[in-house]
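Working notes, beginning with the structure itself.
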Amino acid sequence: MRLDVVTIFPGYLAPLEQSLIGQARRGGLLDIRIHDLRDHAHDRHRTVDDTPYGGGAGMVMKPEPWAESLDAIRRSGPAGAVPHLMIPSPAGVPFTEAMARSLAGEPWLAFACGRYEGIDERVYDHARERMPVTLVSLGDYVINGGEAAVLVIVEAVARLLPGVIGNADSLVEESHEDGLLEYPVYTKPAVWHDGGVPREVPSVLLSGDHAAIAAWRLGQRRARTAARRPDLLHPSLATTGLGDLLVSPATPADVPELLVLTRACWLPEAERAGTTALPPLRESVASLASSLEQWHTYAVRSGGRLVASVRGRVRPGDETAWETGRLIVAPDLEGRGLGRDLLAFAESLAPERVTSFWLDTATLTPRHQRILRKAGYRVVRGGADETAGPRSEIVSAVKRRP
Ligand SMILES: C[S@@+](CC[C@H](N)C(=O)[O-])C[C@H]1O[C@@H](n2cnc3c(N)ncnc32)[C@H](O)[C@@H]1O
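Under the working numbering, think of the first position of the sequence shown as 2, with each following residue one higher.
Here it is as structure tokens:
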């Protein structure tokens with residue numbers, strides 16, 4: 002990757018000789034070229050700034066040296082190639098890991114480091130007519146110049162390039178990689194005596210149980226993100242029960258999303274059952290839309306996102322039986338009691354004359370069985386053998402109306 006940086010303080014970029022970035026430069030992975038803007042100022046004092054039109058404090062960077070410098074950089078590249086120009090600015094779009102990932106896929110970036118009150122606005126137009134331009138902000142504060150921003154951006158982008166970081170695995174599960182902050186990390190010793198109460202590494206990390214460690218880490222990531230950066234979490238992840246959610250009768254407008262959630266939730270069922278011939282997976286937009294006329298289907302939303310659904314109806318041919326079906330909860334919200342609350346909600350829809358509640362399911366895992374048992378149901382057809390694993394035929398669970 003080639004990087005050109007234009008600045009009036011070339012020495013400020015010296016850290017780009019250090020550490021992994023320095024190694025990547027020496028190894029030929031990064032071609033970083035630093036340019037002194039003053040080389041394009043042709044008066045005796047190599048002036049790059051002047052007073053602002055309209056008055057006001059401070060100085061503004063003159064357009065001519067910038068245009069000359071950017072044009073020289075553009076001409077120095079291969080025929081037809083242009084760099085993507087990044088202009089650090091507190092008025093730019095916030096720099097994020099997602100932007101770093103996208104920039105890491107580009108062959109050539111250039112950076113224009115502003116100073117004083119910034120760069121004459123016409124330079125942006127000049128540049129935009131010649132190359133893609135992005136104004137990028139480090140955050141909602143003002144620093145003295147764009148150089149520190151360039152150091153940050155180059156660090157974030159370069160470490161994503163293949164070969165820059167020795168162990169590419171260390172890029173996985175980092176903060177912001179998938180919208181969550183990283184879990185806490187520990188190294189030896191397992192118990193650290195620093196004079197007070199011995200400080201121990203969480204025992205799960207010493208257990209060797211990789212599934213338990215992964216579950217603990219995910220829990221820590223979510224808790225940490227909720228505590229420190231709730232703005233990063235989708236509101237649905239703060240959900241504690243139906244009370245937090247918008248539960249409304251599903252309409253044809255809900256059907257496309259409902260179909261997606263249905264498929265996502267039933268795929269694991271299909272894997273357990275060893276067949277994809279389960280009715281929920283055979284559903285189409287049209288069939289699901291027409292089912293809304295035969296079932297009372299409810300869509301459960303949080304922050305606009307469809308997170309769960311359930312449907313129920315009086316059983317055809319038996320006015321005293323109520324059947325509940327298609328109880329689905331988004332995978333990331335499982336284990337919060339949402340399914341249990343939705344089941345109770347679906348039962349509450351049954352008319353007075355109903356005396357029994359039914360629930361058909363394609364596969365009955367021990368977990369499903371436990372949930373149903375807790376809700377007062379008993380399996381009447383088929384059923385799961387806890388030791389042999391789930392069975393794939395349709396089974397029914399029933400309970401009498403209390
Ligand atoms: C003192 S600042 C100019 C601020 C400008 N007058 C304004 O209010 O938008 C000088 C330079 O520092 C850089 N800079 C300042 N804050 C920044 C931020 N939050 N993110 C990126 N660059 C910043 C920009 O290159 C800017 O041109």
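Where is the CB? At the ideal position from N, CA and C, for every residue including glycine.
Being a predicted model, the structure only gives us computed values, none of them experimental.
Coarse secondary structure for residue i, derived from DSSP in three states
i	result
F346	helix
K63	coil
G23	helix
M100	helix
P79	coil
V380	strand
S397	strand
H211	helix
L234	coil
P367	helix
D5	strand
I144	coil
A265	helix
T388	Caution applies to T388, whose pLDDT of 35 falls short of 50 and renders its modelled position unreliable; the model cannot decide the point.
G93	strand
D51	strand
I120	strand
R34	strand
S70	helix
I166	coil
H177	coil
R337	coil
V151	helix
L219	helix
A58	coil
Y125	helix
A351	coil
Y187	coil
E107	coil
Residue i vs residue j beta-carbon contact at 8 Å
i	j	result
L86	A58	no
C114	E65	no
I22	A150	no
P281	W267	yes
L246	V301	yes
L328	V355	no
V83	T135	no
Y187	Q221	no
L139	G180	no
R374	V399	no
T325	G313	yes
S70	V7	yes
T263	E284	yes
R39	D5	no
R306	S357	no
V248	L289	no
D44	M60	no
A224	L207	no
P16	L152	yes
R341	A309	no
S397	L344	no
I154	V137	yes
W217	P203	yes
R3	P133	no
A271	L259	no
G55	S90	no
Paired residues, beta bridge with residue i - DSSP
i	result
M132	None; M132 has no bridge partner.
H46	Answer by DSSP bridge pairing: none, since H46 is not bridged.
E201	V192
S310	A300 and I329
V248	V301
M87	F112 and T135
V315	W323
T362	V396
S357	A322 and R401
C-beta neighbour in chain D for residue i, strict 8 Å
i	result
Y13	Looking for chain D here will not work: only one protein chain is present.
Cβ-heavy atom distance, residue i to ligand 2, below 7 Å
i	result
P91	Looking for ligand 2 in the displayed structure turns up nothing; the ligands present are ligand 1.
Quick check for students: name the residue ranges of the beta strand (DSSP E) that lie wholly in the region 268-308, counting only runs of 3 or more.
Correct list: 297-303.
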